[in-house]
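Student: Chains F and Z supply the protein sequences, listed in that same order. Residue numbers for the first sequence follow this note's numbering, so the first one is 19 and each next one is one higher. Residue numbers for the second sequence follow this note's numbering, so the first one is 3 and each next one is one higher.
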Amino acid sequence: MKRIFETVVTEHQDMVLRVCRGVLGAHADAEDAWSETFMAALRAWPTLPEDTNIEAWLVTIAHRKAIDITRSRARRAITVEHLPETASTRGIPGEEHELWAAVRALPERQRLALSYHYFGGLPYSEVAALIGGSAEAARRAGSAGVATLRTHHHTKGPLR
Amino acid sequence: MTWLPPQTEATTLERLRGRLAAEAERADLLGIGYRTVDTPVGSLLLAATERGLIRVAFAREDHDAVLEDLATRIGPRILHAPARLDAVATQLEEYFSGTRTGFSVPLDHTLSTPFRRIVQEFLPHIGYGHTLTYREVAGRVGNPRAMRAVGSACATNPLPIVLPCHRVLRTDGGLGGYIGGLEAKTALLELEHAR
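(1) Can you list the residues of chain Z that F/M57 reaches, using a CB-CB cut of under 9 Å?
(2) Quick one: list the residues of chain F neighbouring Z/I80, beta-carbon separation under 7 Å, in chain order.
(3) Taking the CB atoms as reference points, tell me whether Z/L161 and Z/L87 lie closer together than 8 Å.
(4) So, is the C-beta of F/E29 closer than 8 Å to a C-beta in chain Z?
(5) In three-state terms, what does DSSP make of Z/A198?
(6) Thinking C-beta only, is F/R157 closer than 8 Å to F/Y134?
(7) Smallest Cα separation from Z/L113: which of Z/H132, Z/M149, Z/R53 and Z/G176?
(8) Where Z/P78 and Z/E63 are concerned, what is the direct C-alpha to C-alpha distance, given to the nearest angstrom?
(9) Name the two residues that bound the continuous beta strand (DSSP E) containing Z/Y136.
(10) When you compare only the Cα positions, how much space is there between F/V77 and Z/T38?
(11) From the DSSP output, in three-state form, read off Z/S114 for me.
(12) Would Z/R86 pass as an interface residue toward chain F - the criterion being a Cβ-Cβ separation below 8 Å?
(13) When you compare only the Cα positions, how much space is there between Z/H195 and F/T25?
(14) Is the separation between the beta-carbon of F/L35 and that of F/A48 shorter than 8 Å?
(15) Which residues in chain F sit within 7 Å of Z/L69, going by Cβ to Cβ distance?
(16) Can you give me the C-alpha to C-alpha distance between Z/L48 and Z/P84, rounded to a whole angstrom?
(17) Can you check the region 17 to 85 of chain Z for any alpha helix (DSSP H) of at least 4 residues that lies completely inside it and give the ranges in chain order?
(18) What is the DSSP secondary structure of Z/V164, reduced to helix, strand or coil?
(19) Using three-state DSSP, classify Z/L171 as helix, strand or coil.
(20) Going by CA-CA distance only, name the one from Z/I181, Z/G33 and Z/L165 that's closest to Z/T74.
(21) My output table needs one value for Z/L109: the three-state DSSP class, helix, strand or coil.
(22) Beta-carbon of Z/R102 versus every beta-carbon of chain F: anything under 8 Å?
(23) Is the Cβ-Cβ distance between Z/L190 and Z/I163 less than 8 Å?
(24) Ends of the alpha helix (DSSP H) at Z/R102?
(25) Classify F/A69 as helix, strand or coil using the three-state DSSP reduction.
(26) On a Cα-Cα basis, can you pick out the residue from F/I85, F/W75, F/G139 and F/A162 that is closest to F/I149?
(27) So, does the CB of F/V143 fall closer than 8 Å to a CB anywhere in chain Z?
(28) In angstroms with no decimal places, state the Cα-to-Cα distance between Z/S154 and Z/R21.
(29) Taking the alpha helix (DSSP H) that F/L60 belongs to, which residues open and close that run?
(30) What in chain F is Cβ-close to Z/A73, meaning under 8 Å?
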């Protein structure tokens, strides 16, 4: 790729953060995944073919980084009955906060299918390649996730 | 309780981008870091490789076009990374406030051909507030007949202001050309009380 990497960050930073939050939850792990995604992308950037679909490529990297983080989190996890309550670092809890909480409460496959399709813009065939199973199963998982969110969120608006 | 300002998505992303630039620097993946500074001669783009300052560009050169040119010639690992340009930004501020007469930052001359580089590296030897003609510069770099080549070395100076090509004038006392425009050249010479 000959394009300035900064423009890639500018164009896709929101999308990658949404995907990472969808997969990992809206906290520091998602921000680590965001950083690692763009670091890996920066490393590969000069040798990336010009005709690459950048958005799909970034979602694929974000998926791998999120798996790495989930695994390392599991290794160093401290089991507690309830998480201690902390002050929100994300401002006034509101619509978005509740939406992320609802995303987090979804079954894993629904959450991943929804994150990669609705937040990351991947077609279900490619979502299936990432999370396993058929494209049709991925589509059902994504739709079920969205249906649950709509019930929670009382909204019919688009998610992205 | 301390009141904390709401952390918006925009500030989160700004923080993440700062962190990305710092991590890229540490991992030797920051090919070129850039920032802009506001000066009396307009917004200046500053760009540096790990070796040093590689480009100073006036707004009229079109900063986006300059960055695209750098992506093609040097490489596309380009990020907004103000920290890498802190030293030169400070020195430029001192220069424009009149408290600095010369620059001391590492320079990357990759963009210059060998002869042009000889001319450009000579430029800081023209003292602050002094001027030379293209003919005189040609003589000083050991090639008195190379006036036109000196002219093009000045016209293509990738590091204007830091390498002071504005101190080179025509033999008849005319300003000659300037990459930042004649207004900028005049302003710089007036700042240095050279005109």
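Virtual Cβ for every residue (Gly too), placed ideally from N, Cα, C.
Tutor: According to the data block:
(1) L22, E25, A26, A29 and L31
(2) I22, F23 and E24
(3) no
(4) no
(5) No information on residue 198 of chain Z is available, as it lies outside the stretch 3 to 197 that chain Z covers here.
(6) no
(7) Z/R53
(8) 19 Å
(9) Looking at the DSSP string, Z/Y136 is not in any beta strand (DSSP E); the run it does join, the alpha helix (DSSP H), is Y136 to R142.
(10) 31 Å
(11) coil
(12) no
(13) 41 Å
(14) yes
(15) I22
(16) 9 Å
(17) 65 to 75
(18) coil
(19) strand
(20) Z/G33
(21) strand
(22) no
(23) yes
(24) Here Z/R102 belongs to no alpha helix (DSSP H), and DSSP marks it neither H nor E.
(25) For clarity, residue 69 of chain F is Asp in the given sequence; the question names Ala instead. F/D69: coil per DSSP, three-state reduction.
(26) F/I85
(27) The sequence given here has Ser at residue 143 of chain F, not Val. No, because no Cβ of chain Z sits closer than 8 Å to the Cβ of F/S143.
(28) 40 Å
(29) A46 to A62
(30) K20, R21 and I22
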